[in-house]
Amino acid sequence: MSIIKKKHVVTIAKVVFPLVILGIIYFEAQGIMKDFNWSLLNLYMDRLSVRHIIYIFILGFIALFPMYYYDVILVKLFKIEISNKKLFWMSLSANGYSNLVGFGGVAGATLRSLYYRRYVHNDVPYIKIIAKLSLFYLTGLSILSFLIILFDGRFLNEMKMAKIAVIAVAAYTPILFVIFSLRKSTWSLENVKKSYLGELLLISFFEWLFVVICIWGISNILGVHISLLSILPIVILSSCVGIISMIPGGIGSFDFVFLIGMEFYGVQAELCLLILLFYRLSYYLFPAILSTPFVLKELFRNQRTNYL
């Protein structure tokens with residue numbers, strides 16, 4: 012098969028596979044949604060105060076904090092100096108759009124390439140370094156998935172589809188380290204050191220742990236008093252299915268598994284939907300909107316520089 016045909020097959024698969032997943036979710040969700048009480052959802056919404064909503068958005072904002080340290084490492088790798096304020100906005104916008112758009116962090120990598128290229132020397136392969144760093148985004152989820160398989164397999168037995176996704180994600184970090192061990196060229200770039208592996212793993216671990224804490228916090232604010240250890244496997248399983256589905260933000264796939272998991276603890280579907288709604292708004296949409304003026308300013312500056 013020629014390279015062009017292979018690329019064509021891969022492109023079709025990237026479109027068809029998410030559509031198939033969404034189709035399965037749609038038919039499976041019919042049983043849940045047919046008894047859905049929209050009036051009850053409105054009642055829960057009316058009970059929320061402005062203070063509660065502010066707390067929820069603060070939680071979503073804080074959940075992005077560990078990802079800031081990806082950019083701290085990049086600054087070390089590039090041996091450049093950027094003010095903490097500037098680095099904060101660079102990180103927030105890259106991570107916010109990466110989460111919102113999805114597609115393996117392409118949006119985040121594109122924005123980082125745009126931001127850093129005027130700081131680094133021409134001989135520094137900054138695009139390759141940023142791309143290699145993005146390989147570590149899933150390592151934290153992989154470690155947490157492995158722990159779920161070892162210590163809490165209840166939901167895995169209930170949801171066969173999720174079990175396959177969790178096993179696949181759990182295998183990601185070991186496979187990545189095997190590749191790094193066998194291929195010396197992986198870290199043959201200037202300024203890149205193997206000593207950063209531990210830091211990147213730790214950042215990714217806390218990144219995904221903060222996502223769990225964010226959803227747990229939103230649940231408690233909405234009156235769903237579930238323990239952190241109980242909600243952790245639900246969020247991890249949902250995230251794994253969302254990643255494997257290749258749907259931006261795991262929309263639909265993440266939500267479906269989360270609904271099933273929360274119903275295991277007797278949480279009403281209406282409340283689950285409200286938790287998901289505020290999670291999407293606070294963790295995905297709010298940071299992207301907040302950082303949009305900074306992104307536009309940097310894009311304008313880049314165009315002006317190219318013109319000159």
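Counting in the numbering used here, the sequence shown runs from 12 upward without gaps. Even glycine gets a Cβ: it sits at the ideal position worked out from N, Cα and C.
{"Asked": "Nearest CA to the CA of S230: which residue from Y207, I160, M273?", "Found": "M273"}
{"Asked": "Determine the closest residue to G119 out of N95, S94, N133, L146, with distance taken between C-alpha atoms.", "Found": "L146"}
{"Asked": "If you scan the region 211 to 282 from start to end, which runs of the alpha helix (DSSP H) of 4 or more residues do you find wholly inside it?", "Found": "239 to 256, 264 to 274"}
{"Asked": "Within a Cβ cutoff of 6 Å, which residues of the same chain sit near Y130, ignoring the five residues on either side of it in sequence?", "Found": "I91"}
{"Asked": "Counting only the same chain and skipping the five closest in sequence on each side, list residues whose C-beta sits under 7 Å from that of F265.", "Found": "S249, S250, V252, G253"}
{"Asked": "Would L144 and G107 qualify as a contact pair, given that the criterion is a beta-carbon distance under 8 Å?", "Found": "no"}
{"Asked": "From I73, S293, L284, pick the residue whose C-alpha is nearest to that of F221; which is it?", "Found": "I73"}
{"Asked": "Is the beta carbon of L98 less than 8 Å from the beta carbon of V86?", "Found": "yes"}
{"Asked": "When burial is assigned at 16 or more other CB atoms within 10 Å of the CB, is R123 buried or exposed?", "Found": "buried"}
{"Asked": "State the DSSP-derived secondary structure class of R194, mapped to helix, strand or coil.", "Found": "coil"}
{"Asked": "Grouping DSSP H, G and I as helix and E and B as strand, with all else coil, what is G209?", "Found": "helix"}
{"Asked": "So G151 and F216 are in contact, right, with Cβ under 8 Å, and what is the actual spacing, rounded?", "Found": "4 Å"}
{"Asked": "Give me the Cα-Cα distance between G116 and Y148, rounded to the nearest whole angstrom.", "Found": "9 Å"}
{"Asked": "If you reduce the DSSP assignment to three classes, tell me which class L149 lands in.", "Found": "coil"}
{"Asked": "Near K268, what residues of its chain come up, given a Cβ to Cβ distance below 7 Å and the 5 sequence neighbours on each side ignored?", "Found": "The identity of residue 268 in the sequence shown is Val, whereas the question assumes Lys. For V268, where only same-chain residues beyond five positions count, the Cβ hits under 7 Å are M170, A173, L248, S249, V252."}
{"Asked": "Along the chain, where does the alpha helix (DSSP H) containing S293 start, and where does it finish?", "Found": "Segment: none, S293 is in no alpha helix (DSSP H) and carries neither H nor E."}
{"Asked": "Find out if the Cβ-Cβ distance for the pair F89, V135 is shorter than 8 Å.", "Found": "yes"}
{"Asked": "Do F289 and W100 come within 8 Å of each other at the CB atom, strictly closer than that value?", "Found": "no"}
{"Asked": "Among F191, A280, G209, E218, whose alpha-carbon lies nearest the alpha-carbon of V235?", "Found": "A280"}
{"Asked": "What is the DSSP secondary structure of V180, reduced to helix, strand or coil?", "Found": "helix"}
{"Asked": "Can you say whether T303 is buried or exposed, counting buried as having 16 or more other CB atoms within 10 angstroms of its CB?", "Found": "exposed"}
{"Asked": "Within a Cβ cutoff of 6 Å, which residues of the same chain sit near Y79, ignoring the five residues on either side of it in sequence?", "Found": "S102"}
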